[in-house]
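In what follows, a structure is listed as structure tokens, so that the remarks can point back to it.
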Amino acid sequence: MHGVVAIDAPQRASTSPGSQIKREAWARRRANATGENESAAKSGMSDGGLVLVQPNDFVEWKLDGVQPKVFRTFQQGGYEIQKTLDLHKVGIERARVLVSNLIDRCIDLDYRCVRILHGRGENSNPPAALKSHVLHWLRQHKDVIALSTAPNQLGGTGAVLVKIRKGHKAKQDNRERYGR
Numbered sequence: 001m002h003g004v005v006a007i008d009a010p011q012r013a014s015t016s017p018g019s020q021i022k023r024e025a026w027a028r029r030r031a032n033a034t035g036e037n038e039s040a041a042k043s044g045m046s047d048g049g050l051v052l053v054q055p056n057d058f059v060e061w062k063l064d065g066v067q068p069k070v071f072r073t074f075q076q077g078g079y080e081i082q083k084t085l086d087l088h089k090v091g092i093e094r095a096r097v098l099v100s101n102l103i104d105r106c107i108d109l110d111y112r113c114v115r116i117l118h119g120r121g122e123n124s125n126p127p128a129a130l131k132s133h134v135l136h137w138l139r140q141h142k143d144v145i146a147l148s149t150a151p152n153q154l155g156g157t158g159a160v161l162v163k164i165r166k167g168h169k170a171k172q173d174n175r176e177r178y179g180r
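Per the working numbering, the sequence shown starts with residue 1, numbered consecutively.
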């Protein structure tokens, strides 16, 4: 036992780069086999031009035409969150499919405001990798009209609020109600 040194912090077996790569490759094969990648491809969500953000960065983005008062209310968490997606412990490829499917499903159900919990990613390499990817994909999606870092009580910098375009049913209801 001469020369043996105690380990200060417990070692985690699943943090090796090889095991992460294997999990992501498995997720890609599974998504291709089940057709899940088609939804992400249809919505135009790619990694081209990805800009990495920092774990504690606040983000906000909106399309032209979103009214300032509506956007402020949205940023403050003033709209009901109709669906939440938790991406903790999910690989990047699987997260792309889940985000795309969530938005497509929300359009079908006429959900307008959702929350995506991506975590801060302080311990990932590079930091905030999943957060950066999620924000990038949301800006590309044709049905997302605004996004903002969630208020502290709704997840803070580890979550993003997403405002989704009206679905066909909501548009039809407005036409009937206001006579267009």
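The beta carbon of each residue, even a glycine, is placed where N, CA and C say it ideally should be.
Just to confirm my understanding: we take Ala159, look at its own chain, exclude 5 residues before and 5 after, and list those with CB closer than 8 Å. What are they?
Sequence-distant Cβ neighbours of Ala159 in its own chain, meaning closer than 8 Å and more than five residues away, are Arg115, Ile116, Leu117, His118, Thr149, Ala150.
In whole angstroms, what is the alpha-carbon distance linking Gln76 and Arg120?
19 Å
Would you kindly work out how many angstroms separate the C-alpha atoms of Val128 and Phe58, rounded to a whole number?
Strictly speaking, residue 128 in this sequence is Ala, with Val absent from that position. Spanning the two alpha carbons is a distance of roughly 12 Å.
Taking C-beta to C-beta, are Glu80 and Cys113 nearer than 8 Å?
yes
Can you round the beta-carbon distance between Ile145 and Lys69 to whole angstroms, since I take them to be within the 8 Å contact cut?
Between Lys69 and Ile145 the Cβ distance is about 15 Å, and since that is not below 8 Å, they are no contact.
Can you tell me where the beta strand (DSSP E) with Ala170 in it begins and where it stops?
For Ala170, no beta strand (DSSP E) run applies; the uninterrupted alpha helix (DSSP H) run containing it begins and ends at 168-178, by DSSP.
With Lys131 as the anchor, note down where its beta strand (DSSP E) starts and where it stops.
Per DSSP, Lys131 belongs to no beta strand (DSSP E); it is in the alpha helix (DSSP H), 129-140.
Per DSSP, what are the beta-bridge partners of Ser148 in this structure?
Glu60, Leu161
Neighbour-count burial assignment, Thr157, 16 or more Cβ in a 10 Å radius
buried
Would Leu85 pass as a contact of Leu98 if the rule is Cβ separation under 8 Å?
At a Cβ-Cβ threshold of 8 Å, Leu85 and Leu98 count as neighbours.
Residue environment, Gly49, which counts as buried when at least 16 other CB atoms sit within 10 Å
exposed
Alpha carbon of Ser124 to alpha carbon of Arg96, nearest angstrom:
17 Å
Return yes when the Cβ of Tyr111 is within less than 8 Å of the Cβ of Gln82, no when it is not.
yes
Look at the alpha carbon of Ser100 and the alpha carbon of Arg177, and state the distance between them as a whole number of angstroms.
31 Å
Go through its chain and collect everything with a Cβ distance to Leu154's Cβ below 8 Å, but skip five positions before and after it.
Gly77, Ile81, Arg115, Leu161
Buried or exposed for Phe132, going by 16 or more other Cβ atoms inside 10 Å?
In the sequence as displayed, the identity of residue 132 is Ser instead of Phe. Its Cβ being crowded by 16 or more others within 10 Å, Ser132 is buried.
Within 8 Å, strictly: CB atoms of Val134 and Leu87:
yes
Candidates Leu130, Arg165, Lys89, of which the one nearest Lys142 by Cα
Arg165
What is the DSSP secondary structure of Ile116, reduced to helix, strand or coil?
In this structure, Ile116 counts as strand in the three-state DSSP scheme.
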